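Numbering (our numbering), first residue to last: 74 to 161. We put the beta carbon where it would ideally sit given N, CA and C, even for glycine. Remember, predicted model here, so these are calculated numbers, not experimental data. Below is one structure; the comments refer to it alone.
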């Protein structure tokens, strides 16, 4: 996702040499992120020379109550997106 965003938005480099999205843009991952998943996500981000500051991680109810979007057997999912002005 970061690479796709980099094709559509300006990317800069921080003082440590990692790539940064513009200040108005970040990537949110919040669907049941566990501590193990967070470690894996951030390791991948770092390995691809992206700054961890580009990524927001949230655990929703998973860590506290073991609830997720399937608890009520309901999910609302996006079926279209616009990337670089093109509908996909």
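Asked	Found
Is it buried or exposed, residue 161, if we count other Cβ atoms within 10 angstroms and call 16 or more buried?	exposed
For residue 76, does the three-state DSSP call read helix, strand or coil?	helix
Taking the Cβ atom as the reference point for each residue, do residue 94 and residue 84 lie within a distance shorter than 9 Å?	yes
In this structure, does DSSP put residue 88 in helix, strand or coil?	coil
Shortest alpha-carbon distance to residue 82 belongs to which of 104, 96, 90 and 121?	96
Threshold first: 3 residues or longer. Then list the beta strand (DSSP E) segments lying entirely within the stretch 86-126, N to C.	100-102
Would you give the residue range spanned by the beta strand (DSSP E) that residue 161 belongs to?	From DSSP, residue 161 is part of no beta strand (DSSP E); its letter is neither H nor E.
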